[in-house]
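Residue numbering for the sequence shown follows the working numbering, starting at 26 and increasing by one per position.
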Amino acid sequence: MTSDAHVLIAGAGPVGLTAAVSLVRAGVPVTVFEAGADLSTESRASTFHPPTLDMLDSLGAAQPLIAQGLTASTFQYRTMRHGILAQFDFSAIADLTNHPYRLQCEQSRLTRILHDQLRGQAGFTIEFGSAVEAASQDADGVTVTIKRDGTTESRRGRWLIGADGARSDVRRSLAIEFEGFTWPDRFLVISTPFDFYSAIAGLAPVSYVADPQRWRFLLQIPGLWRVMFPIAERESDETALTPEFAQALMANVVPGIAHYEIAHTTLYKVHQRVAKTLRRGRAFLIGDAAHINNPLGGMGMNGGIHDAMNLAARLADVWHGRAADITLDLYDRERRLVTLEYIDQQSTQNKRNLESDGVAFKAQLDAIAADPQRTRDYLMRVSMIASLRRAKELGATPP
Ligand SMILES: Cc1cc2nc3c(=O)[nH]c(=O)nc-3n(C[C@H](O)[C@H](O)[C@H](O)COP(=O)(O)OP(=O)(O)OC[C@H]3O[C@@H](n4cnc5c(N)ncnc54)[C@H](O)[C@@H]3O)c2cc1C
Numbered sequence: 026m027t028s029d030a031h032v033l034i035a036g037a038g039p040v041g042l043t044a045a046v047s048l049v050r051a052g053v054p055v056t057v058f059e060a061g062a063d064l065s066t067e068s069r070a071s072t073f074h075p076p077t078l079d080m081l082d083s084l085g086a087a088q089p090l091i092a093q094g095l096t097a098s099t100f101q102y103r104t105m106r107h108g109i110l111a112q113f114d115f116s117a118i119a120d121l122t123n124h125p126y127r128l129q130c131e132q133s134r135l136t137r138i139l140h141d142q143l144r145g146q147a148g149f150t151i152e153f154g155s156a157v158e159a160a161s162q163d164a165d166g167v168t169v170t171i172k173r174d175g176t177t178e179s180r181r182g183r184w185l186i187g188a189d190g191a192r193s194d195v196r197r198s199l200a201i202e203f204e205g206f207t208w209p210d211r212f213l214v215i216s217t218p219f220d221f222y223s224a225i226a227g228l229a230p231v232s233y234v235a236d237p238q239r240w241r242f243l244l245q246i247p248g249l250w251r252v253m254f255p256i257a258e259r260e261s262d263e264t265a266l267t268p269e270f271a272q273a274l275m276a277n278v279v280p281g282i283a284h285y286e287i288a289h290t291t292l293y294k295v296h297q298r299v300a301k302t303l304r305r306g307r308a309f310l311i312g313d314a315a316h317i318n319n320p321l322g323g324m325g326m327n328g329g330i331h332d333a334m335n336l337a338a339r340l341a342d343v344w345h346g347r348a349a350d351i352t353l354d355l356y357d358r359e360r361r362l363v364t365l366e367y368i369d370q371q372s373t374q375n376k377r378n379l380e381s382d383g384v385a386f387k388a389q390l391d392a393i394a395a396d397p398q399r400t401r402d403y404l405m406r407v408s409m410i411a412s413l414r415r416a417k418e419l420g421a422t423p424p
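Structure below.
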C-alpha cells in the first residue's frame with residue numbers, strides 16, 4: 026500500500042465519523058484529522074430521524090445510541106391561545122422504517138459510539154489536535170497541509186472529504202462559495218431539569234409553540250428539557266446570556282411558573298447556506314461544511330449523515346473498481362439538490378410557521394391530519410424519507 030492509499034477526512038464530528046465507519050467497513054482505509062484535542066462535547070443536535078437511525082443501524086451504531094436516548098413517537102404543534110394545533114404519530118409510517126420515532130439524544134453520544142467502533146481497526150487512523158489548513162490536488166491524489174502544535178506537515182491521500190463543519194477550511198481552500206444568508210435573529214437554547222409533563226397537559230416529547238414574538242420549542246432529552254427561543258437582533262449577546270434574561274423567557278412557557286433551575290444556556294447564529302458544489306475533483310464536502318440551516322426540524326446533522334452514507338458507498342465502489350470515477354458526480358447532484366429542495370425549504374418553512382399567529386398554520390395542519398395519505402406524506406417529508414427518495418430518483422437519471 027502506498028502512502029496515497031487512504032481517504033483523508035477533515036473533521037471528527039458526527040458526519041466525518043459516519044463517513045469513516047462506512048468506508049472502513051467497506052474495506053477503504055481512512056485517516057481522520059481532528060482540530061480539537063478530543064471529540065467535541067458541545068451540545069447541539071439532539072434529534073435523529075427514522076431513516077438516519079436505519080442507516081446507523083447498518084453500521085451497528087443505532088442500538089447503542091437508542092440505549093442512551095429517548096424515543097419520541099409523537100410530536101405536536103401548539104399555540105398558547107389554541108392549545109394543541111395538531112399531533113402526529115410516526116406509527117403512520119411504520120411500514121417505511123425500522124425506527125418509527127425520533128430519537129432524542131445528543132450528537133456527542135454518536136461521535137463516541139462511532140469512534141469506539143473504529144478504534145484499533147485496521148485501516149483507521151485518527152490524528153487529534155491536527156487542523157487541515159489547506160488542500161491541493163493533482164491527477165493522482167490530494168495533499169493536505171496539517172497544523173499541529175505550531176508546526177506544519179503535509180499528508181497525501183487518494184481523496185479528501187471535508188467534514189470540518191460550517192467554517193470549513195477545506196471549503197475555503199477549494200474556493201467553493203457558501204451561498205445563502207444569515208438570519209438576523211439568533212436562537213437561545215435553555216436546558217432545564219424541570220418536569221414539563223407535570224405542568225403542561227397533553228405535552229408530547231417534542232412540542233413546537235407558534236407565536237409571532239416568542240415562539241419556542243420544547244424537546245425532551247435524557248434528564249433535561251431543551252427549550253429554544255428566538256433572540257431579536259436588538260438584544261446583545263451579553264444580555265441574552267444573562268440568567269435574568271433566560272428566566273424572563275422561561276416565565277412565558279407555563280403561566281404561573283416564574284423561576285426555573287437552568288442547566289445550560291447556549292446562543293447560536295442561524296444560517297441557510299449551501300455550498301455551490303459538493304465536489305471539486307478529488308475533494309468532497311459533507312455535513313455542515315456543505316450546508317447549514319436553521320435547526321427547526323432537526324435536519325442539519327441528519328442530512329449530513331445522509332451525505333456521508335451516500336458518498337462513502339460511492340467512493341467504496343470506485344475504490345474497489347466496481348464503478349467509474351464519473352459516478353462520484355452523482356453525490357453532488359443528489360445531495361446538493363435535495364438539500365436545496367427539502368432541508369433548506371422545510372427548515373425555512375418551519376421557522377415561518379412558528380413565527381405566525383398559528384391561524385393559517387392550524388387550518389393547514391387540520392387538513393393534513395384529516396387525510397391519512399396527506400398525514401403519511403407529511404411525516405415522510407419531516408422525517409426526511411421523502412428527501413432520500415428524491416435523491417434516489419436523481420441518481421437514477423444520468424448527470
Ligand atoms: C442549537 C442547535 C441544535 C441543533 N439540532 C439539530 C438536530 O436536532 N438535528 C440535526 O440533524 N441537526 C441539528 N443541528 C445541526 C447539527 O448540530 C450540525 O448539523 C452537525 O453538528 C453537523 O455535523 P458535522 O460533523 O458536519 O460538523 P461538526 O459537528 O461541526 O463537526 C466538525 C468537526 O470538525 C472539526 N474541525 C473544524 N475545523 C477543522 C479543520 N480545519 N481540520 C480538522 N478538523 C476540523 C471540529 O473540531 C469538529 O469536531 C443543530 C444545531 C444547533 C446549533
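Idealized CB from N, CA, C, for every residue including glycine. All figures in this text were calculated on a predicted structure; none of them were measured in a lab.
Exercise. Please report how far the alpha carbon of Arg173 lies from the alpha carbon of Val57, in whole angstroms.
Key: 14 Å
Quiz item: Who are Tyr222's beta bridge partners in DSSP?
Solution: In DSSP, Tyr222 forms no bridge with anything.
Quiz item: Along the chain, where does the alpha helix (DSSP H) that runs through Val384 open and close?
Solution: Val384 to Ala395
Quiz prompt | Chain-order list of residues whose beta-carbon lies under 8 Å from that of Thr27 (same chain, five-residue window excluded) | solution = For Thr27, the predicted structure reports a pLDDT of 40, less than 50, and the residue's modelled location is therefore unreliable. A value from the coordinates is still provided. Here the set comprises nothing.
Quiz item: The alpha helix (DSSP H) spanning Gln370 covers which residue range?
Solution: Gln370 to Leu379
Quiz item: Is it right to say Gln238 is buried, meaning 16 or more other beta carbons lie within 10 angstroms of its own, or is it exposed?
Solution: exposed
Exercise. Drop a sphere of 10 angstroms on the beta-carbon of Leu413, count the other beta-carbons inside from all chains shown, and report buried for 16 or more, exposed for fewer.
Key: buried
Quiz item: Given a threshold of 16 other Cβ atoms within 10 Å of its Cβ, counted over all protein chains shown, does Met80 qualify as buried or as exposed?
Solution: buried
Quiz item: Which class does Leu158 belong to by DSSP, given the choice of helix, strand or coil?
Solution: Residue identity check: residue 158 is Glu in the sequence provided, not Leu. In the structure shown, Glu158 sits in a strand (DSSP, three-state: E or B).
Quiz prompt | Whole-number beta carbon distance between Arg196 and Gly205, since they are thought to touch under 8 Å | solution = Not quite, the Cβ-Cβ distance comes to about 13 Å (not below 8 Å), so this is no contact.
Quiz item: So is the beta-carbon of Ala271 under 8 Å away from any non-hydrogen atom of ligand 1?
Solution: no
Exercise. For Ser232, count neighbouring Cβ atoms within 10 angstroms of its own Cβ and tell me buried if that reaches 16, exposed if not.
Key: buried
Quiz prompt | Through-space distance from Ala265 to Ala200, alpha-carbon basis | solution = 35 Å
Self-check item: For Ser47 and Ala333, believed in contact at Cβ under 8 Å, the rounded distance
Solution: 6 Å
Quiz prompt | Spatial neighbours of Thr136 in its chain, beta-carbon cut-off 6 Å, leaving aside the 5 residues before and after | solution = Pro39, Leu42 and Leu64
Self-check item: C-alpha gap between Lys417 and His284, whole angstroms
Solution: 49 Å
Quiz item: Mind checking whether the beta-carbon of Ser193 lies closer than 8 Å to any heavy atom of ligand 1?
Solution: yes
Practice problem: Can you give me the Cβ contacts of Glu359 inside the same chain, cut-off strictly under 7 Å, excluding the 5 residues immediately before and after it? | Solution: Asn335, Ala416, Leu419 and Gly420
Quiz item: So the beta strand (DSSP E) Lys172 belongs to, where does it begin and stop?
Solution: Val167 to Arg173
Quiz item: Which residues share a DSSP beta bridge with Leu244?
Solution: Val231 and Arg251
Exercise. Return yes when the C-beta of Ser65 is under 8 Å from any heavy atom of ligand 3, and no when it is not.
Key: Because ligand 3 does not appear in the structure shown, any question about it cannot be addressed here, the ligands present being ligand 1.
Quiz item: Where do the ends of the alpha helix (DSSP H) carrying Glu359 lie?
Solution: Asp354 to Val363
Quiz item: From Asp156 to Val343, what does the alpha carbon distance come to, in whole angstroms?
Solution: Residue identity differs from the one stated: residue 156 is Ala in this sequence, not Asp. Near 27 Å, if we compare the C-alpha coordinates of Val343 and Ala156.
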